[in-house]
Amino acid sequence: MLATIQQNNRTFKVDLAKPIDISIALTNTDENPIAWYVGKPVIEPVRFEEWIGKVSVGMSSTNFNTISFNPHAHGTHTECLGHITREFYSVNESLKEFFFVSELISVEFEDQKGDLVITKEAVAHALQGMAPEALVIRTLPNSSDKKSRKYSHTNPPYLSEAAALFIRENGIQHLLIDLPSVDKEKDQGKLLAHKAFWNVTDVSILNIEARLNATITEMIFVADVVPDGSYLLNLQIASFENDASPSKPVLYAFLNGE
53 MLATIQQNNR
63 TFKVDLAKPI
73 DISIALTNTD
83 ENPIAWYVGK
93 PVIEPVRFEE
103 WIGKVSVGMS
113 STNFNTISFN
123 PHAHGTHTEC
133 LGHITREFYS
143 VNESLKEFFF
153 VSELISVEFE
163 DQKGDLVITK
173 EAVAHALQGM
183 APEALVIRTL
193 PNSSDKKSRK
203 YSHTNPPYLS
213 EAAALFIREN
223 GIQHLLIDLP
233 SVDKEKDQGK
243 LLAHKAFWNV
253 TDVSILNIEA
263 RLNATITEMI
273 FVADVVPDGS
283 YLLNLQIASF
293 ENDASPSKPV
303 LYAFLNGE
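Positions 53 to 310 (our numbering) are the ones given, in order, by the sequence shown.
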């Protein structure tokens, strides 16, 4: 299923029958990744006295599960600046377009006083002057245990404020990364990278320059077999009126060398 995409003066083709899913599925098993000090997700059938909403139990004609989870803690999620502001902003209102020309880059961390940090220099070197609509960052080393890692109290790697500012100043609207947060796990609430990317200078009274339509997607996983380069990104969220939603980012390779 081939599609021709035109953007400004660029024309390229993608095969929609060959999606590259870079999301992590949410499960109620110990294989689910976890961050931010909560337990694993709960997926269980509804119970009314003796009735159980599960076909295999023999009491119901349908499976009827309730799911309890935290989008920030339990897998791939997309968030808007409402994640850090006093006033409520919904990712469902912020993200109104879903296809973007994106660039996938792989970067290594720099050790800074015991912290593993993605620097501005690393991002700039990988981008080589490109300014896509969306940026997908794969961190190295790229172990598959990212799909089940328990991040709480481990001081995971993070994005430097300067790197986040560089990404914003290059006009990148959507940032995707394979970490639980773009910021340091325990930073006394500074949230420097979030604020730099969204251009939020005051979380209590939102400044006019803040980027209401920009999003950050965290806890993705991009397998090693997917090469760095340009892709069409389809960024889909569930329709939650919340600062964040579970999401399913999907990449499509360009077919004509764009």
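Note that CB positions come from ideal geometry on N, CA and C, so glycine has one too.
Under the three-state DSSP convention, the category residue i falls into
| i | result |
| --- | --- |
| K92 | coil |
| K65 | strand |
| A305 | strand |
| R220 | helix |
| L287 | strand |
| L179 | helix |
| A186 | strand |
| E213 | helix |
| E101 | coil |
| K106 | coil |
| A87 | coil |
| K70 | coil |
| K165 | coil |
| S200 | coil |
| E160 | strand |
| A77 | coil |
Neighbourhood of residue i by C-beta, 8 Å cutoff - its chain only, sequence neighbours within 5 removed
| i | result |
| --- | --- |
| D276 | N194 |
| S146 | C132, L133, G134, L264, N265, A266 and T267 |
| F140 | G134 and D295 |
Close Cβ partners of residue i (< 6 Å) along its chain, the five nearest in sequence each way excluded
| i | result |
| --- | --- |
| K199 | I76 and F273 |
| G223 | A183 |
| E185 | F152, V153 and Q225 |
| K202 | I86 |
| T128 | S75, I76, M271, I272 and S299 |
| V107 | N115 |
| E261 | N251 |
Residue environment, residue i, which counts as buried when at least 16 other CB atoms sit within 10 Å
| i | result |
| --- | --- |
| V188 | buried |
| K300 | buried |
| R190 | buried |
| T269 | buried |
| R99 | exposed |
| E96 | exposed |
| V302 | buried |
| F218 | buried |
| H205 | exposed |
| E221 | exposed |
Own chain, CB closer than 7 Å to residue i, minus 5 neighbours either side, in chain order
| i | result |
| --- | --- |
| L243 | I136 and D235 |
| S120 | P93 and V94 |
| E310 | Confidence at E310 is low in this model, with a pLDDT of 46, below 50, so the placement of that residue should be treated as unreliable; the coordinate-derived value is given next. Cβ within range, chain order: R62, F64 and S282. |
| F116 | P97, V98 and G105 |
| P208 | L231, P232 and E237 |
Cα-Cα separation between residue i and residue j, rounded to whole angstroms
| i | j | result |
| --- | --- | --- |
| H124 | D197 | 18 Å |
| G166 | N251 | 28 Å |
| G91 | H126 | 9 Å |
| P232 | A183 | 24 Å |
| K70 | F292 | 28 Å |
| S113 | E102 | 15 Å |
| A296 | Q288 | 12 Å |
| L83 | L211 | The question names Leu, but residue 83 is Glu in the sequence shown. Whole-angstrom Cα-Cα distance: 26 Å. |
| E279 | D254 | One detail in the question is off: residue 279 reads as Pro in this sequence, not Glu. Cα to Cα, the separation comes out at about 39 Å. |
| Q58 | E155 | 16 Å |
| V143 | T130 | 8 Å |
| L192 | V175 | 13 Å |
| N286 | G241 | 31 Å |
Residue ranges of each alpha helix (DSSP H) run of no fewer than 4 residues wholly in the region 126 to 154, ordered along the chain? With a minimum length of 4 residues, the continuous alpha helix (DSSP H) runs that stay inside the region 126 to 154 are 143 to 146.
If we require 3 or more residues per run, which beta strand (DSSP E) segments fall completely within the region 236 to 274? Inside the region 236 to 274, DSSP marks whole beta strand (DSSP E) runs of 3 or more residues at positions 267 to 270, from first to last along the chain.
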